[in-house]
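So in the working numbering the end of the sequence shown lands on 477, straight run, no missing numbers.
In this text, a Cβ means the ideal position worked out from N, Cα and C, and glycines have one as well.
All figures in this text were calculated on a predicted structure; none of them were measured in a lab.
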Amino acid sequence: MRMKKGKLQWTALLLAATVGAAGCANSNTPATNGVGGNGGDGKEAVTENKGTDNAPAEATPFEITIRHTQVGESKKFRFALLEDVVKKTEAEVPGLKIKLDGVDSEVNRKEKLRGEMATGKPPEVFDVFGSPDAALFAKEGLMLDLTPILDELGIRDQFTTLDPFTYEDKVYGLPIGGSVEGYFYNKQYFEEKGLAIPKTLAELEQIAETIKTDGKIPFAQSSKDAWIPLMTTNNLWSYYGGPAITYGFKTGETKWTDPSVAQAVAKHQEWVQKGYFKKGELGFEYADMRNQIITGEAIMMMDGSWANSVFRDAEQAGDMVGKIGYFNMPPLKAGDPVVVMQDANNGYGFSAAVASDPQKLAAVTAFIKNMWTEEMQLRGLEEDGVLPAMKIDLDKMKTASEDPLMQDIFAAVSEIGISFPAFDALVQADVNTALSIGIQQIIGGETSPESMLEQVQSVQEAANAAEQ
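Here's what the structure looks like:
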């Protein structure tokens, strides 16, 4: 089993110099193809001289598409960063035009990209989850092997982890950032009510009860998309069953019907029944729960660290900017290790078809060179609050963002005792679907934890058998 133990290590390994330009791709047909490398390698695209004019002809125009999920107000900073990389890449690669195709993350992952992969025609560049998605697509020969490009650019060892995007020792995608999951909370409310950061799960529940008694919603929640409430459930079962438990579902070493998992789902159900979440959560979109915090309707919210950008933006958070803090879900017992979901499982993949087109390969190489740099990683941290996927010194990260909320997140990261990847990086897509349906049924009061988990385990066993 792969598991990171001990405190999160942000090593002080910095890029020593600006990465070299991508290699030149030569054409076998004069006057049609032939694209020089990017970034000032001194080679320009040329065509055969047809007359006395020795000036090089313009490169043949071509286009690539980048499928991204940076849509909506909450992702405007990340989109601006992408646009800057696109402009720089277009300027470096002769003839290149990049088309940006923005799609909702869930729609891209569960519908659009799967359909394109089924027909063998994904975009040249696309947002993708590492595990298990990238490995499945790579196994079918649909994703570009990035290993030679990373070696050429000298950045293969600059990432905190490439495991989610690695299949048979080859790299098929790159994480755009890292993340952890925990609770955002109304610091002003906590101070006014004399509430302290909880050290145990029981203390967290006591705070929730106090908030409910005060007429507020303890936990902001939106459950129209099941992955959102499953952040809470995933962290709960990783405490009750241990952070290694999810690794065993696919191998058969552990089962969804294990008592510790049932206990975690029952705890989530108990919180629903006690009214710790707003009624009607199954109809709420992702943005709705952030608004519950911003308006003061709710006091705490389980979410990924990426959500900090919303609470640091006056256009979205209004006068709540500076009044939101962050803490980890506490352990069951005081003094036990803090167990937190931490991964770098979302990023970009590239179509295998790019390998046969020298122009597009040069464009992809330039895009990678420009996107994955220390400068862009720190910009992502400063402007969008996304933790780096590359190895950046912790002090440099703190300097890049002195925002109080980001400082809370840095402090929470330093407290992590054991980390684990999100469940959907460890189980098959069918299991993810069954779990999503199940948790929504739990929230809706349509089933029991035991019945739900029996169904999930049945799907798990079928998925395991299909892979043998």
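Tell me the DSSP bridge mates of residue i?
{"i": "D136", "result": "Y357"}
{"i": "E306", "result": "Partner(s): none; E306 has no beta bridge."}
{"i": "G108", "result": "Per the sequence presented here, residue 108 reads as Lys, with Gly not at that position. T74."}
{"i": "D352", "result": "S188"}
{"i": "V347", "result": "I425"}
{"i": "G313", "result": "E190"}
{"i": "L396", "result": "G187"}
{"i": "Y335", "result": "F193"}
{"i": "V286", "result": "Correcting the residue type first, residue 286 is Phe in the shown sequence and not Val. Note: F286 sits in a beta bridge opposite F228."}
{"i": "M152", "result": "S360"}
List the whole-angstrom C-beta distance separating residue i from residue j, where the pair is believed to meet the contact cut-off of C-beta under 8 Å.
{"i": "F320", "j": "F193", "result": "7 Å"}
{"i": "A375", "j": "E92", "result": "Contact doesn't hold; Cβ gap of about 15 Å is too wide."}
{"i": "F419", "j": "M406", "result": "7 Å"}
{"i": "P397", "j": "G186", "result": "7 Å"}
{"i": "G250", "j": "S269", "result": "3 Å"}
{"i": "A307", "j": "K225", "result": "7 Å"}
{"i": "A361", "j": "G182", "result": "Not a contact, Cβ separation roughly 12 Å."}
{"i": "N243", "j": "M385", "result": "That belief does not hold up - the Cβ atoms of N243 and M385 are roughly 29 Å apart, past 8 Å."}
{"i": "V180", "j": "L155", "result": "5 Å"}
{"i": "I425", "j": "V347", "result": "6 Å"}
Use the C-beta contact count for residue i: other C-beta atoms within 10 angstroms, 16 or more gives buried, fewer gives exposed.
{"i": "Q230", "result": "buried"}
{"i": "S428", "result": "buried"}
{"i": "L341", "result": "exposed"}
{"i": "P70", "result": "exposed"}
{"i": "T128", "result": "exposed"}
{"i": "S365", "result": "exposed"}
{"i": "P227", "result": "buried"}
{"i": "G139", "result": "buried"}
{"i": "S423", "result": "exposed"}
{"i": "E82", "result": "exposed"}
{"i": "S460", "result": "exposed"}
{"i": "E290", "result": "buried"}
{"i": "E190", "result": "buried"}
{"i": "S3", "result": "Nothing can be reported for residue 3, as the shown portion of the chain is limited to 10 through 477."}
{"i": "G356", "result": "buried"}
{"i": "A271", "result": "buried"}
{"i": "N58", "result": "Any reading at N58 must be qualified, since the residue scores a pLDDT of 43, below 50, and its modelled position is unreliable; the value itself is stated next. Exposed, because fewer than 16 other Cβ atoms sit within 10 Å of the Cβ of N58."}
{"i": "G124", "result": "exposed"}
{"i": "T408", "result": "exposed"}
{"i": "D223", "result": "exposed"}
{"i": "D136", "result": "buried"}
{"i": "V116", "result": "exposed"}
{"i": "K84", "result": "buried"}
{"i": "A474", "result": "exposed"}
{"i": "D404", "result": "exposed"}
{"i": "D178", "result": "exposed"}
{"i": "A353", "result": "buried"}
{"i": "T170", "result": "buried"}
{"i": "G203", "result": "exposed"}
{"i": "G163", "result": "exposed"}
Considering only heavy atoms of the ligand ADP, does any lie closer than 7 Å to the CB of residue i?
{"i": "E391", "result": "The ligand ADP is not part of the structure shown, which contains no ligands of any sort."}
Beta-carbon within less than 6 Å of residue i's beta-carbon, same chain only, minus the 5 sequence neighbours each way: which residues are those?
{"i": "I303", "result": "A326, M329"}
{"i": "T255", "result": "F432, L435"}
{"i": "Q445", "result": "Per the sequence shown, the amino acid found at residue 445 is Ser instead of Gln. Hits under 6 Å: A235."}
{"i": "S232", "result": "P238, E290, L291, I452"}
{"i": "D62", "result": "With a pLDDT of 49 at D62, under the threshold of 50, the modelled position of that residue is not reliable, and the figure given next carries that caveat. Answer for D62: no residue qualifies."}
Excluding the five sequence neighbours on either side, which residues of its own chain have a C-beta within less than 8 Å of the C-beta of residue i, listed in chain order?
{"i": "T209", "result": "P339, P340, L341, K342, A343"}
{"i": "K332", "result": "N195, K196, Q197"}
{"i": "V373", "result": "I73, E133, V134, L153, I158, F359, V363"}
{"i": "F88", "result": "H77, Q79, V80, G111"}
{"i": "I266", "result": "Residue identity differs from the one stated: residue 266 is Thr in this sequence, not Ile. Contacts found: E459, L462, E463, Q466."}
{"i": "Y176", "result": "A143, A144, A147, K148"}
{"i": "K108", "result": "E72, I73, T74, I75"}
Whose C-beta lies closer than 7 Å to the C-beta of residue i among residues of the same chain, with five residues either side of it excluded?
{"i": "I206", "result": "F336"}
{"i": "D412", "result": "R321"}
{"i": "K221", "result": "P227, G284, Y285"}
{"i": "N379", "result": "V94, K97, T98"}
{"i": "L414", "result": "N317, F320, R321, I333, G334, Y335"}
{"i": "A443", "result": "Q464, V465, V468"}
{"i": "W315", "result": "S188, G394, V395"}
{"i": "E294", "result": "S231, K233"}
{"i": "P131", "result": "L122, E125, L151, S360"}
{"i": "L245", "result": "A273, K276, H277"}
{"i": "D113", "result": "T78, V80"}
{"i": "F86", "result": "S318, E392, D393"}
{"i": "L213", "result": "P207, P339"}
{"i": "T263", "result": "I254, G257"}
Item to check | 4 or more residues per run - each alpha helix (DSSP H) lying fully within the region 224-260 | outcome: 236-249, 256-260
Checklist entry - Which parts of the region 414-461 are runs of the beta strand (DSSP E), unbroken and 3 residues or longer, counting only runs that do not cross its ends? => result 425-429
Checklist entry - If you scan the region 154-215 from start to end, which runs of the beta strand (DSSP E) of 3 or more residues do you find wholly inside it? => result Annotation: the region 154-215 contains the following complete segments of the beta strand (DSSP E) (minimum length 3 residues), in chain order: 182-184, 188-195.
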